[in-house]
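What follows is a single structure, written as structure tokens, with notes after it.
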Amino acid sequence: MDNNDLNPVEELKWEAKSLLIIGLVLLAILGFSVSGCKHDIPVPLNAIDDGNGGGGGGGSDQPCDPNTVYFQQQVLPFLVSSCAKSGCHNAATAEDGVILDSYANVMNTGEVTPFDLSDSEIWEVINESDPDKVMPPPGETQLTQAQINMLALWINQGAQNLICDDASGPCDSVSVSFAGDVVPILQNKCVGCHTTATSTNGFVSLSGFTNVELVAGTGQLVGAITHDPSYAAMPDGGPKLNACEIAKIKNWVSEGTLNN
5 MDNNDLNPVE ELKWEAKSLL IIGLVLLAIL GFSVSGCKHD IPVPLNAIDD
55 GNGGGGGGGS DQPCDPNTVY FQQQVLPFLV SSCAKSGCHN AATAEDGVIL
105 DSYANVMNTG EVTPFDLSDS EIWEVINESD PDKVMPPPGE TQLTQAQINM
155 LALWINQGAQ NLICDDASGP CDSVSVSFAG DVVPILQNKC VGCHTTATST
205 NGFVSLSGFT NVELVAGTGQ LVGAITHDPS YAAMPDGGPK LNACEIAKIK
255 NWVSEGTLNN
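Residues in the sequence shown are numbered consecutively from 5, following the numbering used here.
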């Protein structure tokens, strides 16, 4: 129909109908463009699932390779201890929308880009020079250089969700020393939450020999790491210590909690 054949009222209706159609088309195009610009951090296709949604506690028959970083055993524990705690980056607080209590959350909210440190937000904030931006913030227990190096190696190896069989390798739980065996375990998996005794950590400090000896003497240390029902299971929110680590601490306690 020729628009010239329409009376003024019909012509207005025709123009309104045309504008409505054009508007709907533009909205559809805009919606497609917006959805196409939303980027989710990809989870590597070759990530190995531990069977527990990336949260730890699963098992694997794969022997541990000393040249490979295993997220569940070597990275997640110190992130949980130092970062994913009350008031910071656990699920309840989620400071700045960041949760660091599982593989999926670390990858997505920590904005990890496999093989690329410079494009991984978690790496940037840990190495930030600005005290207002650095994580953990000043006053909190800082990551050790060994932990920072481990995180870098994990990202550079592809940031995979790997887990291995701790029991497949040798474990010397007999010749145990406080400095050589107990401290590294506590440093990686406990001290981040238990630097000083506060109401948020049950008034338990595991920083320094005197504090550890005190907690060990009450039975609380062994009870917590073995998940004895009489004690609060530890690490809180993190994977349970492996059998070798538990055996080392138990033997150190049974031998008299020596400062060796």
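Idealized CB from N, CA, C, for every residue including glycine.
Contact under 8 angstroms by Cβ, residue i with residue j
i	j	result
Ala228	Met238	yes
Ser177	Ala88	no
Gln66	Asp169	yes
Ile189	Gln77	no
Asn264	Phe207	no
Ser90	Thr204	yes
Ile253	Val187	no
Residue range of the alpha helix (DSSP H) that includes residue i
i	result
Ile103	First-last for Ile103: undefined, no H or E at that position.
Glu125	125-130
Cys248	247-258
Met154	149-160
Thr214	213-221
Ala228	224-229
Pro141	Neither: Pro141 is in no alpha helix (DSSP H) and is coded neither H nor E.
Residue i classed as buried or exposed, judged by whether at least 16 other C-beta atoms fall within 10 angstroms
i	result
Gly114	buried
Asp105	buried
His231	exposed
Phe119	exposed
Asn192	buried
Leu225	buried
Gln164	buried
Thr222	exposed
Ser220	In the sequence under discussion, the amino acid at residue 220 is Ala, which differs from the Ser named in the question. Buried is the call here.
Pro243	buried
Asn153	exposed
Asn71	exposed
Pro174	exposed
CB-CB length for residue i against residue j, believed under 8 angstroms
i	j	result
Gly241	Val84	5 angstroms
Query raised in the report: Are there three or more Cβ pairs, one per stretch, closer than 8 angstroms when the stretch 120-139 is compared with the stretch 157-167?
Result: The stretch 120-139 vs the stretch 157-167: in contact.
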